[in-house]
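The sequence shown: position 13 = 13 (the numbering used here), numbered continuously.
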Amino acid sequence: MAIFKRGKKVDFFGLLLDLSEYTIQAANFLEEILLEYDHASLPESLVEMHDIEHTADLMLHDLNHKLARGYTRQVKKEDVSDIAYLIDEVTDKTEDILMRFDMFNVHKLRSEAVEFAKLISRGSVTQANMIKEFRNFKTSLRVRESIVEINNIEEEGDRLYARSVRRLYRESNDPVEIIAWTEIFYRFERCCDSFEDVAQHVESIIIKNT
């Protein structure tokens, strides 16, 4: 009879937290660029942002490789993989925002762009705090506090999106500007939504396992 050895136990909570750190890096970098926006430096900034996103992708692949070969007792492996994918999606969407500034040849920022960038930076830190506490989800109150805060951030993003688009259409007569910023604001709002996607999945796992 063949004897199959059980895979090595892996600290998937730690790997998820490491993945969240790349979301923070991408968010902070986006905020930094928009605070001192210079259209001429966008090509270099895009390369740096893509390096962050690509490294996060490599970490995601490594996590799934370890997940396939290892085991975890507290939650199902597919739930870990789903959360990892959703965290990576936040990083991807952050890069996607910056790409739109280059694609639409934006030379001058609208003030709401910086507001959105700060909100995404805040979301990235809150997400990391949630993942940090996720390890102790059966006893930790902080993980639930972070979930609530992420929901608040998503709602703030919705309100900012509505206000941004409303002001754009009331103040601008330039159809190119309207098209470009409508799309950019939509990408910002989608990024804020993606934090809630992570939080909702974390919450569903807590409910299933407590």
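Cβ atoms here follow ideal geometry from the backbone N, Cα and C, with glycine treated the same way. In this text the structure is predicted, and so the values were computed from the model without any measurement.
Considering only C-alpha positions, which residue in the set the options is nearest to residue i?
i: Lys39; options: Phe104, Met49, Trp181, Asn64; result: Checking the sequence shown, residue 39 turns out to be His, not Lys. For His39, the nearest C-alpha among the options comes from Phe104.
i: Val80; options: Leu17, His50, Lys8; result: Leu17
i: Asn129; options: Arg144, Thr94, Phe116, His65; result: Arg144
i: Leu63; options: Gly14, Val198, Asn136, Ser146; result: Gly14
i: Ser146; options: Asn136, Thr182, Gln127; result: Gln127
i: Glu112; options: Arg163, Leu60, His54; result: Arg163
i: Val47; options: His61, Ala68, Asp96, His65; result: Asp96
i: Cys192; options: Pro175, Ala117, Ile178, Lys132; result: Ala117
i: His134; options: Phe188, Val75, Lys108, Glu189; result: The sequence given here places Phe at residue 134; His does not occur at that position. Closest by alpha carbon: Val75.
i: Tyr161; options: Phe188, Glu177, Phe29; result: Phe188
i: Asp51; options: Thr94, Val10, Tyr37; result: Thr94
i: His107; options: Glu149, Leu42, Glu31; result: Leu42
i: Glu149; options: Glu44, Glu196, His54, Arg167; result: Glu196
i: Trp181; options: Leu67, Leu98, Glu44; result: Leu98
i: Ser45; options: Leu67, Lys66, Asp102; result: Asp102
i: Gln200; options: Asn151, Gly70, Arg159, Glu53; result: Asn151
i: Ser194; options: His54, Asp82, Glu171, Asn209; result: Asp82
According to DSSP, is residue i part of a helix, a strand, or is it coil?
i: Lys208; result: helix
i: Lys8; result: coil
i: Ile3; result: Residue placement at Ile3 cannot be trusted, given a pLDDT of 41 that sits under 50; the coordinates are not used to answer.
i: Asn129; result: helix
i: His201; result: helix
i: Arg135; result: coil
i: Tyr37; result: coil
Excluding sequence positions up to five away, which residues of its chain have a Cβ less than 7 angstroms from the Cβ of residue i?
i: Glu156; result: Leu119
i: Ala56; result: Leu19, Tyr22, Asp88, Thr91
i: Arg122; result: Ile153
i: Tyr37; result: Leu109
i: Ile3; result: In this predicted model, Ile3 has a pLDDT of only 41, less than 50, meaning its place in the structure is not dependable enough to derive any value.
i: Met49; result: Ala26, Phe29, Glu95, Leu98
Is it true that the CB of residue j sits closer than 8 angstroms to the CB of residue i?
i: Val165; j: Leu34; result: no
i: Ser140; j: Ile24; result: no
i: Phe137; j: Ile207; result: no
i: Ala84; j: Leu109; result: no
i: Tyr169; j: Ile179; result: no
i: Leu67; j: Lys77; result: yes
i: Gly70; j: Lys132; result: no
Whose C-beta lies closer than 6 angstroms to the C-beta of residue i among residues of the same chain, with five residues either side of it excluded?
i: Glu203; result: Ile147
i: Phe12; result: Thr72, Val80
Say the cut is 7 angstroms; is the CB of residue i nearer than that to a heavy atom of the ligand HEM?
i: Asn28; result: Among the components of this structure there are no ligands whatsoever, and the ligand HEM is therefore not found.
Leaving out the 5 sequence neighbours to the left and right, which residues in its chain are closer than 8 angstroms to residue i when beta-carbon positions are compared?
i: Asn28; result: Ser121, Ser124
i: Asp158; result: Glu189, Cys192
What ranges does the alpha helix (DSSP H) occupy inside the stretch 65–121, keeping only unbroken runs of at least 4 residues that lie completely in it? 77–103
Would you list, in sequence order, the uninterrupted alpha helix (DSSP H) runs of no fewer than 4 residues that lie entirely inside the stretch 137–199? 142–171
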